[in-house]
Amino acid sequence: MKKTAIALAVAVAAFATVAQAAPKDNTWYAGGKLGWSQYQGTSNQWQPEGFNKEVSIGNGNTHRDQLGAGAFAGYQYNQYLGFELGYDWLGRMTYKGSYNNGAYKAQGVQLTTKLSYPVMEDLDAYTRLGAMVWRADSSATVNATSSENQRRFSENDTGVSPVFALGTEYAITPNIATRVEYQWINNIGDKGTLNARPDNGMLSVGVAYRFGQETPAPVVEPAPVVTPAPVVKNKTFTLRSDVLFNFNKASLKTEGQQALNELYQELANIDPTQGRVLVVGYTDRIGSQNYNLPLSEKRAQSVVDYLVSQGIPANSIAAEGRGKENPVTGNTCDNIKARKALIECLAPDRRVEIEIQGTTEVVVQPGQQAAQ
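Take the sequence shown: its letter number 119 is residue 119 in my numbering, and every next letter is one higher.
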């Protein structure tokens with residue numbers, strides 16, 4: 001019988017090849033089982049009430065091996081400890097003696113503590129210890145071979161017996177587990193009442209459904225907040241020197257201050273750690289570079305000084321003069337000889353460019369022309 005149990009355990013385990021996790025703590029399960037039930041210790045003498053002769057039970061063809069079945073429900077406290085409530089049908093044993101025939105059947109409700117030990121991730125070995133409240137029924141026909149003196153008896157009894165079981169349990173999926181188990185129940189019935197007090201051993205294969213084993217959605221750690229690097233953009237505003245200064249002068253006019261005030265808000269948003277303002281002064285081509293370069297520098301510095309006085313951080317703004325470099329008029333004024341007309345034609349070259357470096361958005365204020 002032990003060899004049979006081992007063989008069944010190996011066979012069941014062979015069908016399941018996918019490793020699964022052990023049952024979760026504090027969950028419920030329910031299942032059923034079917035197996036081979038055997039009554040033992042049935043060779044007893046019995047003298048029915050009102051009968052003057054002891055008769056033998058089980059000295060003939062006694063069918064001790066029967067089909068057993070059961071259902072169970074349990075609570076898994078943790079991977080080592082659980083509690084199980086079950087119902088077992090232990091089978092109907094029939095017997096034929098030299099003097100009597102009869103049958104014996106038993107069933108009961110059991111409550112056990114289940115102690116498990118994880119052999120591997122998907123396989124547990126366990127034992128169950130507890131008690132069964134049983135009901136046993138016995139019927140007999142005495143003088144079964146005689147048609148004249150034949151007598152029939154039927155009795156039942158209830159009681160409590162200890163239960164001991166050993167088994168293995170294999171998780172096919174997180175929700176479904178199979179088990180192979182051998183269960184032993186001692187002394188079922190009262191010998192004086194039922195003519196027998198057998199023990200019962202049952203080897204069974206069962207299937208259980210585990211509730212609450214769904215795999216939770218993985219906890220996704222939020223992605224770290226990455227502050228995007230500022231998009232570096234350079235924006236240049238061109239202010240004509242005729243608006244800012246009188247001809248050949250470096251002092252700001254009132255109109256020039258008003259033009260700079262319109263630009264101030266854009267410049268005030270500059271973070272000195274991330275961007276800066278460069279003010280570049282230009283002159284026209286009239287006169288030498290030795291004269292024009294200092295003039296352009298003074299004009300650029302006048303703009304810087306005014307903006308700093310309005311609140312622009314001094315460390316985020318700088319001045320630079322380039323004289324008559326980078327004219328924007330090209331050769332459009334080459335054929336003009338009259339000085340006044342030439343000065344008027346070269347007016348776009350006399351300018352101050354304010355370059356905002358490192359900003360991401362620029363709003364062009366009224367009265368300002370953004371260089372493209």
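Yeah, the Cβ is synthetic: ideal placement off N, Cα and C, and Gly gets one too.
SER309 counts as exposed, since fewer than 16 other C-beta atoms from the protein chains shown sit within 10 angstroms of its C-beta. For ILE343, the uninterrupted alpha helix (DSSP H) run begins and ends at 339-345, by DSSP. Taking 8 angstroms as the cut-off, the Cβ atoms of LEU263 and PHE237 count as close. Residue state for ALA196 is assigned as coil, using DSSP reduced to three classes.
If only uninterrupted beta strand (DSSP E) runs of at least 3 residues are considered, those enclosed by the segment 65-141 are 65-76, 81-96 and 100-120. Here the alpha carbons of THR332 and THR254 stand approximately 31 angstroms from one another. Annotated three-state conformation of SER309 is helix, per DSSP.
Going by beta carbons, PHE83 and LYS33 fall outside the 8 angstroms limit. In the DSSP assignment, SER37 falls within the beta strand (DSSP E) that extends over 27-40.
The C-beta of GLN183 has 16 or more other C-beta atoms within 10 Å across all chains shown, which makes the residue buried. Each of LYS105, ASP88, PRO313 and ARG64 was checked against the Cα of GLY206, and the nearest Cα belongs to ASP88.
Comparing alpha-carbon positions, the option among ARG350, LYS337, ALA314 and ASP334 lying closest to GLU325 turns out to be ARG350. Within the same chain, and ignoring the five residues on either side of LEU267 in sequence, the residues whose Cβ sits closer than 8 angstroms to its Cβ are VAL277, LEU307, ILE312, ILE317, ILE354 and ILE356.
Spanning the alpha carbons of SER154 and THR94 requires a straight line of approximately 14 angstroms. The segment 115-134 makes contact with the segment 155-163, as at least three CB pairs between them are under 8 angstroms. Taking each of GLY287, ILE343, SER241 and TYR291 in turn and checking the Cα distance to SER302, the smallest one comes out for SER241. Inter-residue distance for VAL279 and ALA250 is about 14 angstroms (C-alpha atoms, whole angstroms).
In the three-state DSSP reduction, GLY256 falls in the helix class (H, G or I). Between the alpha carbons of GLY167 and TRP36 lies a gap of roughly 15 angstroms. Counting along the chain, SER241 sits inside the alpha helix (DSSP H) bounded by residues 241-244. Beta-bridge pairing by DSSP links GLY212 to no other residue.
Taking the Cα of ASP122 as reference, the smallest distance to any Cα among ALA171, ALA341, ILE188 and TYR291 is reached at ALA171. By the neighbour-count criterion, in which 16 or more other beta carbons inside 10 Å mark a residue as buried, SER288 falls on the exposed side. Contact between LEU252 and LEU244 holds: CB atoms are separated by about 6 angstroms, below the 8 angstroms threshold.
Shown here, ASN186 sits in coil according to DSSP, grouped into three states, outside any helix or strand. Beyond the five residues adjoining it in sequence on each side, LYS298 comes within less than 7 angstroms, by CB distance, of ALA250 in the same chain, given in chain order.
Residue pairing by DSSP places LEU267 opposite no residue, since no beta bridge is assigned to it.
Beta bridge pairing from DSSP links ALA165 with ARG128 and GLN183. Cβ contact annotation for SER296 (same chain, cutoff 7 angstroms, sequence separation greater than five): GLY281, TYR282, THR283, GLY321, ARG322 and GLY323, in chain order. GLU297 carries a helical assignment under DSSP once its states are collapsed to helix, strand and coil. Burial is judged here by how many other beta carbons sit within 10 angstroms of a residue's own beta carbon; ASN200 has at least 16 and is buried. The C-alpha of GLY330 lies about 35 angstroms from the C-alpha of ALA314. Apart from the 5 residues on each side of it in sequence, MET202 sits with its Cβ closer than 6 angstroms to the Cβ of GLY35, SER37, GLY68 and GLN183 in its chain, given in chain order. For the options LEU85, THR27 and MET120, the alpha carbon positioned closest to that of GLY108 is the one of LEU85.
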